[in-house]
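Protein chains in written order, with the numbering used here: chain A, 1 to 225; chain B, 1001 to 1225.
Below is one structure, written out as structure tokens; the observations come after it.
Protein chains: 2
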Amino acid sequence: MKNECIDCPCIVKYFRTLNKCQAEELGNNHVVVRFKKGYPIIKQGTFSTNVLFLRKGLVKIHITGPYREQIVRLIKRPSYLGLPTTIGDKINQYSITALLDCEVCFIDLNIFNRMLEQNKDFSNYILLELCRSEVESFRHCANRTQKQLRGNLADVLIDFSENIFESNKFLLPLSQSEIGNLVDTTRESVCRVLSEFMSDGIIRMEGKKIEILNTRSLKMISQNG
Amino acid sequence: MKNECIDCPCIVKYFRTLNKCQAEELGNNHVVVRFKKGYPIIKQGTFSTNVLFLRKGLVKIHITGPYREQIVRLIKRPSYLGLPTTIGDKINQYSITALLDCEVCFIDLNIFNRMLEQNKDFSNYILLELCRSEVESFRHCANRTQKQLRGNLADVLIDFSENIFESNKFLLPLSQSEIGNLVDTTRESVCRVLSEFMSDGIIRMEGKKIEILNTRSLKMISQNG
DNA sequence: AAGAAAAAGTGATACAAATCACAAAATGAT
DNA sequence: ATCATTTTGTGATTTGTATCACTTTTTCTT
């Protein structure tokens, strides 16, 4: 499963284009690991000494709450994974699981820290990343708790089409109970609302393939709960 | 309202004790502002070029959601305020309001950035702060959406007595509708549950003064929803 | 390709909390 | 001290969603 790679295109290439730091610093101090769809990348409660960078695929960040599993957010490439916990106390506060086949760079924490220290642009960039992601979490959370089911589901569908797949037609890589975990509801309720959306002609479903037929309606539903 | 202060004890003193950076760097590049209970310190959507440090008092972080006001968290001194937004895109993503009389240091963002650049320990400290607060947000959010009202209210009371006032007897600086905004429910429901807690002998109330009579019960309620 | 396991669909029922509607009490302003 | 305003307390009713129970369909395994 593991395979070393000296000249892999992940963050090295990413930084080269963004001009964020000397890509050379990484050298072969990182490793690319492939994860098949559905496999865990990080497990809540475990110890971590690597910074992860998602160079291919899509993952979910989820935490085991008091009663059910809760999906906090989805992250698509290219992006760092779990920065706050790796930089923080090293104990992973959440799990990360592959929703599609993924390729993840594991960067040694020492190297990462050296980069942080030596490169102002880079550390600035990381700081900004953290800020953005916290604000993002706030918004996400506020929306979810204030809207009701139809609104939240509409949001998920819109988000998928706009940000995750950038098309109105996509293969939803989540089961209905996973969608439930994302919008804080049960599998059954997700099913019911999706059926409603279908019979209202807002979406069309074929297995896990979803096509959004009426984005305007979805946005309306998103707005008035 | 405003008054300059060259030798104020806020962050200067704070850093001196924590040995996080040369307190001198701040010099008189910061200003202390006092806010009376109930007054807004930062308003969502406004532009900010200062880093804030709460040296006295208690504040709420709240965002105007699609339907109601939502309190994201309470912050007591000593603590930075709104770091992610000030460091980020400078537009405040949430409001901050004084719950008790407060004193806040306004530090010029340029100075703050210079400190970040020049002092490794300091920037490390800020990085850690950000990480901690993000993870904290996750947990808070997950708990709230998974438990039901009684559990959430119990949590708020426990949090107040343990972290905010460090005593079982406190003057609750929130109205019932504010508590509602904190646990995502209505004023009426908060009232009802508090009454229940009273008649169960778990708490005692005199106006806004709340005394916790049975912490064990509260923890039980917190645990099993 | 066949059988097992997981996911999806859907009705009936239960229930926590929202909403509405007032009255009582507390707090602030003049 | 008095009046106005904001908070609190509580009942009656509605409602969105959870829960339970079962069937059908899809997906995975060997």
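Glycine included, C-beta positions come from ideal geometry on N, C-alpha and C.
Take the alpha-carbon of Asn-143 of chain A and the one of Tyr-1094 of chain B: they are about 14 Å apart. In this structure Met-115 of chain A is buried. Its beta-carbon is surrounded by 16 or more other beta-carbon atoms within 10 angstroms. Residue environment: Asp-121 of chain A is assigned as exposed (fewer than 16 neighbouring CB atoms within 10 Å of its CB, all protein chains considered).
DSSP assignment within the region 66 to 128 of chain A yields the following whole alpha helix (DSSP H) runs of 4 residues or more, N-terminal first: 83 to 87, 109 to 118.
Chain A places a beta carbon closer than 8 Å to that of Pro-1066 of chain B, counting this residue as a contact. Near chain B, meaning a CB-to-CB distance below 7 Å, the residues of the region 42 to 72 of chain A are Ile-63, Gly-65, Pro-66, Tyr-67, Arg-68, Gln-70, Val-72. Within chain B, the residues whose beta carbon sits less than 8 Å from that of Ile-87 of chain A are Leu-1127, Leu-1128, Cys-1131, listed in sequence order. Take Ser-1133 of chain B, set aside five residues on each side of it, and the residues of its chain with a beta-carbon closer than 8 Å to its own are Leu-1083, Pro-1084, in chain order.
At a beta-carbon threshold of 9 Å, the residues of chain B lying near Thr-145 of chain A are Gly-1065, Gln-1070, Cys-1141, Arg-1144, Thr-1145, Asp-1184, ordered along the chain.
In its chain, beyond the 5 residues on either side, Lys-208, Ile-210 have a beta carbon closer than 6 Å to the beta carbon of Leu-172 of chain A. Nearest in C-alpha terms to Asn-50 of chain A, of all of A:Gly-38, A:Phe-106, A:Ile-61, A:Tyr-67, is A:Phe-106. Against chain B, a Cβ distance below 8 Å from Phe-138 of chain A picks out Ile-1063, Val-1072, Gln-1093, Tyr-1094, Ser-1137. As the crow flies, the alpha-carbon of Arg-1068 of chain B is around 16 Å from that of Cys-1141 of chain B.
Glu-1211 of chain B is bridged by DSSP to B:Lys-1169, B:Arg-1204. About 19 Å separates the Cβ atoms of Asn-1113 of chain B and Ile-1042 of chain B, ruling out a contact at the 8 Å cut-off.
In this structure, Thr-145 of chain A and Asp-1155 of chain B do not form a Cβ contact; the two beta carbons are roughly 15 Å apart against a cut-off of 8 Å.
At least one beta carbon of chain A lies nearer than 8 Å to the beta carbon of Ser-1123 of chain B.
The Cβ atoms of Arg-1034 of chain B and Arg-1055 of chain B do not sit closer than 8 Å to each other. Distances from the CA of Pro-1066 of chain B to each of B:Asn-1181, B:Arg-1204, B:Ile-1212 were compared; the closest alpha carbon is that of B:Asn-1181. In this structure, Val-193 of chain A lies near Leu-153 of chain A, with their beta-carbon atoms less than 8 Å apart. DSSP places Leu-157 of chain A outside any beta strand (DSSP E); the residue lies instead in the alpha helix (DSSP H), whose first and last residues are 149 to 159.
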